[in-house]
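According to the numbering used here, the sequence shown is numbered sequentially starting from 40.
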Amino acid sequence: MTAGRDMSDYDTPFQDMAVISWLEAAGIDATLPSPDRVYDAYLGGSHNTAVDRAFVEKVEQILPSIKPLARSNRSFLRRAVSFAASKGITQFIDIGSGAPTVGNVHEIALKANPAAHIVYVDSNTIAVQSSAIRLEEQKVTDRVAMIQEDLRNPDGILNHPRTLELIDFSKPVCLLMVALLHFVGDEDKPGELISYYRSKLAPGSLLALSHICSDEAPQDQKDQVAAFVKAYENTTTRLYTRTKAEMEKLFDGWVMEEPGVVHPPDWRPDNPIDSDMSAYYLGWCGVGRKAKGVSDPSDTP
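Pasting the structure below:
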């Protein structure tokens with residue numbers, strides 16, 4: 040897929056037109072698949088276009104277990120939010136939240152505590168617009184916000200008017216970066232970014248991460264993941280894998296909650312493990328806690 044391809048090359052059903060019109064109005068190339076819409080398509084959502092679905096079909100030929108991997112990530116997100124709620128945390132910031140999908144953070148958090156406050160963050164216009172509409176429809180905007188910002192601009196996120204309206208940084212926050220950092224290269228220094236976010240959070244705050252990997256996968260899946268990463272060169276964002284050791288490094292300065300950095304199905308499972316285990320070795324995840332008295336190395340991102 041290349042920029043400038045005519046949309047008539049794709050089967051574009053009527054429901055896609057609103058998505059495409061939003062993209063074009065925002066000056067976004069609707070002929071390229073976008074990772075957040077592609078992820079929505081992996082999960083069977085409706086906030087994607089024919090271009091995104093065509094990319095998913097191609098990806099499934101390269102990495103047949105991509106949809107089970109997306110579901111596994113989503114299940115980890117649900118369990119991480121529930122875990123945070125069980126610890127009494129009522130404030131959540133979900134960075135890279137993407138388009139609205141069933142089982143969103145606010146639905147889980149508000150069920151656990153109707154007084155919870157949630158801020159969603161995404162850099163993609165369509166994700167922000169569609170999420171804002173859904174939140175309005177659900178009449179939860181007094182407790183839930185959607186803002187357009189990038190992970191790499193932490194001050195823009197943490198000092199956004201809606202963030203400051205909903206989040207009390209003197210109290211613990213659950214910071215979620217689920218299926219996000221594999222879109223961030225080492226040149227953007229993700230470890231330093233995470234340290235900066237931690238410096239702004241109260242003790243007792245949690246960080247939940249998940250990341251695509253292949254370091255423990257059988258060779259055939261290693262090859263599939265390598266081809267999968269290459270396929271993302273044809274999207275708006277590149278993709279990177281990291282090893283378990285590199286994932287653990289991202290948690291430097293955090294106290295790991297049990298069971299540490301593990302494959303998603305192994306992180307505090309609360310239901311029988313999905314019978315489709317084809318994606319078992321393709322992800323790492325974990326939750327870290329900011330301890331009292333932690334000295335953060337930097338106050339600048």
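Cβ coordinates follow ideal geometry from the N, Cα and C atoms, glycine included.
- Through-space distance from ASN310 to ALA109, alpha-carbon basis: Here residue 109 is taken as the residue at index 70 of the sequence shown, counted from 1. Here residue 310 is taken as the residue at index 271 of the sequence shown, counted from 1. Rounded to the nearest angstrom, the two C-alpha atoms are 17 Å apart.
- For the stretch 145-158 and the stretch 263-279, state whether three or more C-beta atom pairs, one from each stretch, are separated by less than 8 Å. In this structure the stretch 145-158 does not touch the stretch 263-279; the number of beta carbon pairs closer than 8 Å is below three.
- Report, in whole angstroms, the separation of the C-beta atoms of LEU116 and VAL217, which I expect to be a contact under 8 Å. Residue 116 sits at position 77 when you count from the first residue of the sequence shown. Residue 217 sits at position 178 when you count from the first residue of the sequence shown. Rounded, the Cβ-Cβ distance is 5 Å, consistent with contact.
- Query: Any contact of the stretch 321-332 with the stretch 240-258, i.e. 3+ C-beta pairs under 8 Å?
  - Reply: Touching, yes.
- Query: Looking at ILE105 and ALA270, is the spacing between their C-beta atoms short of 8 Å?
  - Reply: Start at 1 with the first residue of the sequence shown, and residue 270 comes out as number 231. Start at 1 with the first residue of the sequence shown, and residue 105 comes out as number 66. No; because the gap between Cβ atoms is not below 8 Å, this pair is not in contact.
- Three-way DSSP call (helix, strand, coil) for MET286 in this model: Here residue 286 is taken as the residue at index 247 of the sequence shown, counted from 1. In this structure, MET286 counts as helix in the three-state DSSP scheme.
- By the 10 Å Cβ neighbour count, where 16 or more other Cβ atoms means buried, how is ILE157 classified, buried or exposed? The residue labelled residue 157 in the question sits at position 118 within the sequence shown. Counting other Cβ atoms within 10 Å of its Cβ, ILE157 reaches 16 or more and is therefore classed as buried.
- Item | DSSP state of GLY195 mapped onto helix, strand, coil | Translated into the one-based positions of the sequence shown, residue 195 becomes position 156. Looking at GLY195 - three-state DSSP - the assignment turns out to be helix.
- Message: Please state the DSSP three-state secondary structure of GLY156.
- Response: In the sequence shown, residue 156 corresponds to position 117, counting from 1. Reading off the sequence, residue 156 comes out as His, not Gly. The three-state reading of DSSP puts HIS156 in strand, counting E and B together.
- Message: Distance check for LEU71 and ASP207, CA to CA, integer angstroms please.
- Response: The residue labelled residue 207 in the question sits at position 168 within the sequence shown. The residue labelled residue 71 in the question sits at position 32 within the sequence shown. Rounded to the nearest whole angstrom, the C-alpha separation of ASP207 and LEU71 is 39 Å.
- Message: Given this structure, state the Cα-to-Cα distance separating ASP194 from ASP225, to the nearest angstrom.
- Response: Within the sequence shown, residue 194 is the residue found at index 155, counting from 1. Within the sequence shown, residue 225 is the residue found at index 186, counting from 1. C-alpha separation (whole angstroms): 20 Å.
- Item | Inter-residue CB distance, LEU203 and TYR236 (contact presumed, cutoff 8 Å) | As a working mapping, residue 203 is identified with position 164 in the sequence shown. As a working mapping, residue 236 is identified with position 197 in the sequence shown. So it is not a contact: roughly 15 Å between Cβ atoms.
- Item | Those residues which DSSP pairs with VAL183 across a bridge | Position 144 of the sequence shown, counted from the start, is the residue given in the question as residue 183. Answer is ILE157.
- Message: Quick check: what's the CA-CA separation for SER136 versus ASP259?
- Response: For the purposes of this step, residue 136 is taken as the residue at position 97 of the sequence shown. For the purposes of this step, residue 259 is taken as the residue at position 220 of the sequence shown. For SER136 and ASP259, the distance between alpha carbons rounds to 31 Å.
- Distance, VAL90 Cα to PHE290 Cα: Translated into positions along the sequence shown, residue 290 becomes position 251. Translated into positions along the sequence shown, residue 90 becomes position 51. Looking at the two C-alpha atoms, the distance is approximately 36 Å.
- Which word fits ALA330, buried or exposed, when buried means at least 16 other C-beta atoms lie within 10 angstroms of its C-beta? Position 291 of the sequence shown, counted from the start, is the residue given in the question as residue 330. Exposed, because fewer than 16 other Cβ atoms sit within 10 Å of the Cβ of ALA330.
- Where the beta strand (DSSP E) through ASN247 begins and ends: Reading the sequence shown from its first residue, position 208 is the one you call residue 247. Contrary to the premise, residue 247 reads as Ala rather than Asn in this sequence. That run of the beta strand (DSSP E) goes 245-251.
- Task: Pull up the DSSP beta-bridge partners for ARG34, would you.
- Result: Nothing can be reported for residue 34: it is not among the residues displayed for the chain, which extend from 40 to 340.
- Taking Cβ positions, are THR280 and SER244 nearer each other than 8 Å? Translated into the one-based positions of the sequence shown, residue 280 becomes position 241. Translated into the one-based positions of the sequence shown, residue 244 becomes position 205. Pairing THR280 with SER244 gives a Cβ-Cβ distance that is not under 8 Å.
- Assign ASP225 to one of three DSSP states: helix, strand, or coil. Taking the first residue of the sequence shown as 1, we reach residue 225 at position 186. In the structure shown, ASP225 sits in a helix (DSSP, three-state: H, G or I).
- Can PHE222 and PRO74 be called in contact, C-beta distance under 8 Å? The residue you call residue 222 lines up with position 183 of the sequence shown. The residue you call residue 74 lines up with position 35 of the sequence shown. For PHE222 and PRO74, yes; Cβs fall inside 8 Å.
- Could you work out which residue in SER114, ILE134, ARG118, LYS239 is closest to ARG191 when comparing CA atoms only? In the sequence shown, counting from the first residue as 1, residue 191 sits at position 152. Comparing Cα-Cα distances from ARG191 to each of SER114, ILE134, ARG118, LYS239, the minimum goes to ILE134.
- Message: Less than 8 Å between the beta carbons of ARG92 and ILE165, yes or no?
- Response: The residue you call residue 92 lines up with position 53 of the sequence shown. The residue you call residue 165 lines up with position 126 of the sequence shown. Not closer than 8 Å, so no.
- Could you spell out where the alpha helix (DSSP H) holding ILE132 opens and where it closes? Sequence index remark: in the sequence shown, residue 132 carries index 93 (1-based). Secondary structure note for ILE132: it is in no alpha helix (DSSP H), and the uninterrupted beta strand (DSSP E) holding it is 130-134.
- Task: Confirm, please, whether the CB-CB distance from ALA184 to TYR159 is below 8 Å.
- Result: If you number the sequence shown from 1, residue 159 lands on position 120. If you number the sequence shown from 1, residue 184 lands on position 145. Contact flag set, yes.
- Message: To the nearest angstrom, how far is the alpha carbon of ASN112 from that of PRO303?
- Response: Within the sequence shown, numbered from 1, the residue matching residue 112 stands at position 73. Within the sequence shown, numbered from 1, the residue matching residue 303 stands at position 264. It is roughly 7 Å from the alpha-carbon of ASN112 to the alpha-carbon of PRO303.
- Query: Does the distance from the CB of LYS239 to the CB of LEU197 come in under 8 Å?
  - Reply: Reading the sequence shown from its first residue, position 200 is the one you call residue 239. Reading the sequence shown from its first residue, position 158 is the one you call residue 197. Yes; because the gap between Cβ atoms is below 8 Å, this pair is in contact.
- Message: To the nearest angstrom, how far is the alpha carbon of VAL120 from that of THR282?
- Response: By one-based count along the sequence shown, residue 120 stands at place 81. By one-based count along the sequence shown, residue 282 stands at place 243. Cα-Cα distance, rounded: 24 Å.
- Task: Can you tell me which of the three DSSP states LEU232 falls into?
- Result: Taking the first residue of the sequence shown as position 1, residue 232 is located at position 193. In the structure shown, the three-state DSSP call for LEU232 is helix.
- Message: Quick check on this structure: which residue in TRP306, GLY332, ARG328 has the alpha carbon closest to the alpha carbon of SER114?
- Response: The residue you call residue 114 lines up with position 75 of the sequence shown. Taking only the C-alpha atoms, the option nearest SER114 is TRP306.
- Task: Let me know the alpha helix (DSSP H) ranges lying completely inside the stretch 93-134, each 4 residues or longer, listed in chain order.
- Result: Those alpha helix (DSSP H) runs which fall completely within the stretch 93-134 and span 4+ residues are 105-125.
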